[in-house]
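Just below is one structure, and these are the notes that go with it.
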Amino acid sequence: MAYAYLFKYIIIGDTGVGKSCLLLQFTDKRFQPVHDLTIGVEFGARMITIDGKQIKLQIWDTAGQEAFRSITRSYYRGAAGALLVYDITRRETFNHLTTWLEDARQHSNSNMVIMLIGNKSDLESRREVKKEEGEAFAREHGLVFMETSAKTAANVEEAFINTAKEIYEKIQEGVFDINNEANGIKIGPQHSTGAGAGGAGGAGAGGASSGGCC
Amino acid sequence: MLSRFSDVLQTAADVLAPPATRLEDFEYHWKMILNFYERFDDNCKIHIEDTKIPHHLHQMLQLIVDEEKEQQGGTVGPCLEAIVQRSICLLDALTALAAADRPPGARSLALTAATALLRRTKQPCVNSVHIYRPLQRMLVQCNESPASPTEKEEVELLLTLCGLVRKEPGLANIFTTPFVEDKTSLLTVPEDIQKLIPLKKVHTPRKNPLFVDLTQNQLPNVSIIRTYDRDDSSNGAESLADDVSCKSQKTLYDENDKFLLIDLLLSYLDSADNQVVLRACEGIMIVSSLPEEDIANLVTSCSPACETIVDKLAARYRRIPPTVDPNDVDQLNITWAYVAQDFGDKSYSKFHGYRELTTFFSWLDYCDTLMKECHQSIASHLSRTFRQNFLEGTAEAGVTDLRLAVLATAVLSKCLKVVDSTDLINEFSNWLVGDGEVAEWPLLHTLISNCLSDNYDLALETLRFFESIIEKGTEHSMERLVLSRVGTRGYCREPGGGGAAAGGGVPAAGGDDTDRDRLNDLPLWRERETNREAMKQLQHEEHVSEQINDILSHEGLDLGGHAGAAENIHTIVNSYLLLLPRALLSDPVGSDYEHYIHDAHRHYQYWLDITSTFDWPVGLTGNDNTASSTHSYDSRPEADIHIHDAYYNNNNNSEQNLDKQHNTKKETKRYENDEFDEGPFLRMLFKLLSNMPYQPYQVNLHLTSIISKLALLPHPFLHEYLLNPTLPVAKSTPTLFKTMQELAKKLTTEIPRIKHYKKVVESTRLQLMSEDPSYDEVGEHNQLVESLIVLEEFCKELAAIAFVKYQHSLHAHG
Numbered sequence: 008m009a010y011a012y013l014f015k016y017i018i019i020g021d022t023g024v025g026k027s028c029l030l031l032q033f034t035d036k037r038f039q040p041v042h043d044l045t046i047g048v049e050f051g052a053r054m055i056t057i058d059g060k061q062i063k064l065q066i067w068d069t070a071g072q073e074a075f076r077s078i079t080r081s082y083y084r085g086a087a088g089a090l091l092v093y094d095i096t097r098r099e100t101f102n103h104l105t106t107w108l109e110d111a112r113q114h115s116n117s118n119m120v121i122m123l124i125g126n127k128s129d130l131e132s133r134r135e136v137k138k139e140e141g142e143a144f145a146r147e148h149g150l151v152f153m154e155t156s157a158k159t160a161a162n163v164e165e166a167f168i169n170t171a172k173e174i175y176e177k178i179q180e181g182v183f184d185i186n187n188e189a190n191g192i193k194i195g196p197q198h199s200t201g202a203g204a205g206g207a208g209g210a211g212a213g214g215a216s217s218g219g220c221c
Numbered sequence: 002m003l004s005r006f007s008d009v010l011q012t013a014a015d016v017l018a019p020p021a022t023r024l025e026d027f028e029y030h031w032k033m034i035l036n037f038y039e040r041f042d043d044n045c046k047i048h049i050e051d052t053k054i055p056h057h058l059h060q061m062l063q064l065i066v067d068e069e070k071e072q073q074g075g076t077v078g079p080c081l082e083a084i085v086q087r088s089i090c091l092l093d094a095l096t097a098l099a100a101a102d103r104p105p106g107a108r109s110l111a112l113t114a115a116t117a118l119l120r121r122t123k124q125p126c127v128n129s130v131h132i133y134r135p136l137q138r139m140l141v142q143c144n145e146s147p148a149s150p151t152e153k154e155e156v157e158l159l160l161t162l163c164g165l166v167r168k169e170p171g172l173a174n175i176f177t178t179p180f181v182e183d184k185t186s187l188l189t190v191p192e193d194i195q196k197l198i199p200l201k202k203v204h205t206p207r208k209n210p211l212f213v214d215l216t217q218n219q220l221p222n223v224s225i226i227r228t229y230d231r232d233d234s235s236n237g238a239e240s241l242a243d244d245v246s247c248k249s250q251k252t253l254y255d256e257n258d259k260f261l262l263i264d265l266l267l268s269y270l271d272s273a274d275n276q277v278v279l280r281a282c283e284g285i286m287i288v289s290s291l292p293e294e295d296i297a298n299l300v301t302s303c304s305p306a307c308e309t310i311v312d313k314l315a316a317r318y319r320r321i322p323p324t325v326d327p328n329d330v331d332q333l334n335i336t337w338a339y340v341a342q343d344f345g346d347k348s349y350s351k352f353h354g355y356r357e358l359t360t361f362f363s364w365l366d367y368c369d370t371l372m373k374e375c376h377q378s379i380a381s382h383l384s385r386t387f388r389q390n391f392l393e394g395t396a397e398a399g400v401t402d403l404r405l406a407v408l409a410t411a412v413l414s415k416c417l418k419v420v421d422s423t424d425l426i427n428e429f430s431n432w433l434v435g436d437g438e439v440a441e442w443p444l445l446h447t448l449i450s451n452c453l454s455d456n457y458d459l460a461l462e463t464l465r466f467f468e469s470i471i472e473k474g475t476e477h478s479m480e481r482l483v484l485s486r487v488g489t490r491g492y493c494r495e496p497g498g499g500g501a502a503a504g505g506g507v508p509a510a511g512g513d514d515t516d517r518d519r520l521n522d523l524p525l526w527r528e529r530e531t532n533r534e535a536m537k538q539l540q541h542e543e544h545v546s547e548q549i550n551d552i553l554s555h556e557g558l559d560l561g562g563h564a565g566a567a568e569n570i571h572t573i574v575n576s577y578l579l580l581l582p583r584a585l586l587s588d589p590v591g592s593d594y595e596h597y598i599h600d601a602h603r604h605y606q607y608w609l610d611i612t613s614t615f616d617w618p619v620g621l622t623g624n625d626n627t628a629s630s631t632h633s634y635d636s637r638p639e640a641d642i643h644i645h646d647a648y649y650n651n652n653n654n655s656e657q658n659l660d661k662q663h664n665t666k667k668e669t670k671r672y673e674n675d676e677f678d679e680g681p682f683l684r685m686l687f688k689l690l691s692n693m694p695y696q697p698y699q700v701n702l703h704l705t706s707i708i709s710k711l712a713l714l715p716h717p718f719l720h721e722y723l724l725n726p727t728l729p730v731a732k733s734t735p736t737l738f739k740t741m742q743e744l745a746k747k748l749t750t751e752i753p754r755i756k757h758y759k760k761v762v763e764s765t766r767l768q769l770m771s772e773d774p775s776y777d778e779v780g781e782h783n784q785l786v787e788s789l790i791v792l793e794e795f796c797k798e799l800a801a802i803a804f805v806k807y808q809h810s811l812h813a814h815g
């Protein structure tokens with residue numbers, strides 16, 4: 008399907024905070040209580056509309072375990088946005104945010120939009136991290152903050168879409184150089200100029216077409 | 002979907018009868034699977050997804066996951082225990098299904114089920130023989146054809162196993178030949194399983210690296226001793242299993258051993274499906290990043306991983322069409338991990354050769370990332386292989402082949418620009434400039450002569466390449482390119498009679514003054530009396546002087562405690578800013594000067610950081626006083642003596658350095674008898690510099706950019722050689738400032754001959770500063786005037802650099 012822009016996202020955070028579930032809820036609108044451990048990365052995509060424009064989100068769900076951090080690091084570079092997720096019922100996942108943030112800032116481009124997500128807001132009775140603490144952390148580090156529940160779908164749409172909105176605004180302000188692919192943004196086919204000849208003719212389009220989502 | 006459906010069934014069943022125990026359920030589903038195969042007709046073409054097998058498998062899996070949640074202290078529940086004890090030989094059955102692929106789709110299902118078991122359970126007890134043995138069989142028997150329809154599932158299983166090994170390195174032994182050497186057993190299905198699941202026998206895999214005949218070319222044994230000794234008490238399954246997790250056991254590997262896990266992953270790198278390739282890449286990275294030395298040795302010595310990875314890079318390089326526009330190369334910004342997805346997009350082609358270039362650079366990015374993440378010994382091995390098999394074996398020919406040289410240089414220059422891992426940068430630099438004590442390095446000479454080529458496209462790309470080489474500066478490449486000659490200070494004619502580099506005759510006493518007079522002997526000086534520009538020139542000089550004073554006092558560097566030093570820096574800055582007569586200047590106000598100072602600050606800090614670990618002489622050592630320490634960067638001739646002394650004093654401080662001191666002295670002596678030779682690289686730069694009026698603007702731009710980078714380097718000798726216009730040198734010794742003066746002289750003579758030259762200069766400047774990309778394509782350029790503007794800006798830049806370095810030395814020591 009045609010799109011005006013394509014944004015690349017990554018989802019990061021400790022293991023078991025619900026990264027894969029957030030992605031599944033956003034792309035498939037369902038919740039799966041038993042989930043395979045993510046090794047390396049998983050991929051998902053969805054189309055959204057901002058400001059009347061079709062925007063394709065490509066989302067890479069990374070492995071939270073320390074053992075697979077080498078793979079995760081490869082995805083920082085070239086992402087336009089990141090959802091940094093912790094689990095409101097596990098204090099240690101909140102305590103690790105600083106490390107995640109440092110890792111992300113070190114390896115990503117400086118304009119990457121980071122959204123802080125406190126997940127599992129449905130488990131109020133087991134809450135260990137107050138909402139105010141999440142807000143304070145976000146304020147201190149210049150992030151956008153939101154509590155979500157991948158189980159009830161609360162705020163899940165908003166989390167992904169608000170991140171996209173912020174990236175979109177940054178594009179409008181000219182902060183992102185959209186011609187540099189390293190920024191994780193691509194202009195859709197109908198927007199690109201001067202590429203007409205190569206695009207339609209498919210000079211080198213003989214490669215395998217995998218990942219046929221969207 | 003199935004899970005929801007089964008939940009409904011379960012609920013219904015619970016109402017009718019009291020729930021069975023979990024193990025009973027587990028046994029029930031197992032029997033249902035066996036029943037199916039008991040009655041199975043081999044001619045049946047029904048797809049496995051249309052049978053009940055997936056449902057039963059899923060239920061069994063779910064039961065294991067459920068029971069694990071209830072287990073305390075890492076014990077194993079009854080369902081998994083049944084598998085570990087092989088009272089229910091589920092994994093053997095899965096292997097039989099995978100091998101036979103009956104009914105159609107069974108292989109895919111079996112692989113997925115095995116993967117799910119390993120990923121969904123926290124403790125899959127892989128160290129148990131009844132778990133790992135079937136897994137070995139499955140790996141060996143499924144990896145038979147490169148484009149198998151189940152390659153996605155196969156590579157997922159492999160990646161999962163990599164993940165397990167990453168978390169429990171002892172498991173690596175399960176995937177090395179000492180443990181899988183029993184090939185016949187691996188290729189058959191155990192008899193009891195054949196009875197339970199009576200399917201046709203499998204054939205021997207053809208492409209499986211495990212079955213390569215090793216009887217020929219026996220290699221000497223190199224032992225890799227596994228001294229892995231870890232206390233891990235959390236694994237309760239061990240007591241149940243035949244323990245081969247080798248946690249505290251020594252295992253010998255020799256070169257004939259294979260690391261099955263990596264070898265299998267390598268075979269998927271050729272897949273046409275980018276997602277499969279990506280998975281294989283991830284698996285290799287996960288295993289390679291283990292900190293265990295012996296696993297790293299397995300990867301480098303028992304698997305062709307490094308060679309295969311570099312060969313793929315070389316193959317991708319060779320596929321770049323020779324007709325690619327070299328200018329397109331620099332635009333690319335590729336991340337290996339994202340390319341697999343991007344390639345699904347059919348519109349993903351921006352220019353001719355885009356996909357080929359992307360394929361190549363994404364693989365380079367993978368190599369680079371792998372080298373940053375992997376174990377140090379893998380990184381060393383991989384970077385050596387990169388040099389031998391890619392740079393020397395593949396790329397070098399392109400640089401020397403004049404038909405291909407422009408594109409080859411552009412690609413290599415981009416390669417060097419994007420790589421980030423230390424090992425790779427080092428090997429790359431060493432390949433370019435040569436290593437060891439080799440005096441002449443053919444590749445470097447080729448590159449230098451390419452810079453001097455009449456083919457300006459080639460000259461430009463090669464200059465860009467050198468720019469990358471300097472930007473990625475390694476101590477070795479700096480040494481080879483510039484410092485090996487300058488480091489002797491052979492350019493310096495010692496004041497007081499040594500006449501070190503006098504060359505063609507010792508000049509008379511007071512030669513300094515003669516030299517300076519000669520240097521300042523521009524036509525304009527003589528014409529001053531008659532030229533109506535003279536007054537303006539004088540005013541201009543005063544203005545520049547005032548400006549410099551302003552800056553000096555603004556920075557707190559007025560003539561306080563460092564009167565002499567400040568005066569010196571004033572002289573130096575003046576030499577650059579007044580090199581060209583005012584009448585020719587396109588921007589006499591010098592409004593950009595502050596801007597240049599700002600840039601120079603930033604860049605100098607960058608170089609200080611980069612070179613902080615280099616074994617370069619600093620200005621002076623700690624036992625010298627502050628006043629003299631400023632001298633190294635104020636470039637006074639008398640300060641040079643201090644540097645010289647300091648250098649040797651420094652060496653004397655440590656016994657280790659005595660040899661070096663000796664060598665340096667010997668070298669100095671050798672050069673004392675010869676004329677100073679600035680070396681081929683600096684010679685090329687000076688030659689291009691004096692040739693500026695006849696070269697394209699872009700060439701000149703990159704040329705001056707390279708020189709200013711060199712001038713920024715915090716090396717005291719290179720600094721004084723490049724940045725001290727008042728340095729006493731022999732007449733025959735070329736310096737940057739002399740070359741610039743010659744150039745200025747040439748321009749001063751020739752430009753006024755152009756009709757309305759002031760207007761031409763003005764309009765050319767406007768055009769160049771507008772950075773309009775179409776300007777380059779317009780045919781008619783006044784190269785002469787363009788080179789004037791480049792020189793003018795270059796002067797400001799050098800003045801700023803000299804000033805910033807001086808200022809920094811004050812701050813550092815004051």
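Those protein sequences? They're chains L and R, same order as listed. Each residue of the first sequence is one higher than the one before, starting from 8 at the first, in my numbering. Each residue of the second sequence is one higher than the one before, starting from 2 at the first, in my numbering. All C-beta atoms, glycine included, are put in the ideal place defined by N, C-alpha and C. Predicted, not measured: the structure shown is a model, and the values here were computed from it.
Proximal residues to residue i (C-beta, below 8 Å), its chain only, five neighbours per side dropped
| i | result |
| --- | --- |
| Ser304/R | Lys259, Phe260, Ile263, Asp264, Leu267 |
| Ala143/L | none |
Proximal residues of chain L, C-beta to C-beta of residue i below 8 Å
| i | result |
| --- | --- |
| Leu167/R | Note on identity: in this sequence residue 167/R is Arg, with Leu being the wrong assignment. By Cβ distance, chain L contributes Ala74, Phe75. |
Neighbourhood of residue i by C-beta, 6 Å cutoff - its chain only, sequence neighbours within 5 removed
| i | result |
| --- | --- |
| Ser217/L | Only weak support exists for where Ser217/L lies, its pLDDT of 35 falling under 50; the value from the coordinates is given anyway. Excluding sequence neighbours, Ser217/L sits near nothing in its chain. |
| His604/R | Leu713 |
| Asn624/R | Here Asn624/R scores only 34 on pLDDT, less than 50, and its place in the model is too uncertain to base an answer on. |
| Tyr318/R | Phe361, Thr395 |
| Tyr594/R | Lys797 |
For residue i, the residue or residues it bridges with in DSSP
| i | result |
| --- | --- |
| Leu90/L | Ile18/L, Met122/L |
| Asp68/L | Ile18/L, Glu49/L |
| Gln548/R | For Gln548/R, which the question treats as bridged, DSSP gives no partner whatsoever. |
| Leu13/L | Lys63/L, Lys193/L |
| Cys493/R | Val730/R |
Listed by chain order, chain L residues near residue i by CB distance under 9 Å
| i | result |
| --- | --- |
| Tyr318/R | Result: empty, since nearest Cβ-Cβ is about 16 Å, beyond 9 Å. |
| Leu160/R | Ile46, Gly47 |
Contact set between residue i and chain R, taken where Cβ atoms lie within less than 7 Å
| i | result |
| --- | --- |
| Lys15/L | Tyr339 |
| Tyr10/L | Ordered by position in chain R, no residue passes the 7 Å Cβ test against Tyr10/L, which lies about 10 Å from the chain. |
Contacts that residue i makes with chain L (C-beta to C-beta distance below 7 Å)
| i | result |
| --- | --- |
| Val66/R | Val41 |
| Asn334/R | Asn187, Glu188, Ala189 |
Contacting residues, own chain, Cβ-Cβ under 7 Å from residue i (five flanking each side not counted)
| i | result |
| --- | --- |
| Trp442/R | Val434, Gly435 |
| Gln32/L | Phe38, Ala157, Ala160, Val163 |
| Asn664/R | Any reading at Asn664/R must be qualified, since the residue scores a pLDDT of 46, below 50, and its modelled position is unreliable; the value itself is stated next. If we look at Asn664/R and ignore the five residues flanking it on each side, it has no Cβ neighbours. |
Practice item. Output, in sequence order along the chain, the residues in the stretch 44-78 of chain L whose CB is closer than 7 Å to any CB in chain R. Key: Within the stretch 44-78 of chain L, contact with chain R at the beta-carbon level (separation under 7 Å) is assigned to Leu44, Ile46, Gly47, Phe50, Gln65, Ala74, Phe75, Ser77, Ile78.
Exercise for review: Would you check if the stretch 58-67 of chain L and the stretch 14-30 of chain L touch, i.e. whether three or more CB-CB distances between them fall below 8 Å?
Suggested key: Short answer: they touch.
Review point. If contact means a Cβ-Cβ distance below 7 Å, which residues of the stretch 282-299 of chain R contact chain L?
Key: Here the close residues are Glu283, Met286, Ile287, Ser290.
Check your understanding: For the stretch 180-195 of chain L against the stretch 134-141 of chain L, are there 3 or more C-beta pairs whose distance is under 8 Å?
Key -> No: the two stretches stay apart, fewer than three of their Cβ pairs being nearer than 8 Å.
Practice item. Closer than 8 Å, Cβ to Cβ, to anything on chain R: give me those residues from the stretch 85-101 of chain L, in chain order. Key: Within the stretch 85-101 of chain L, Gly85 place their CB atoms closer than 8 Å to a CB of chain R, listed in sequence order.
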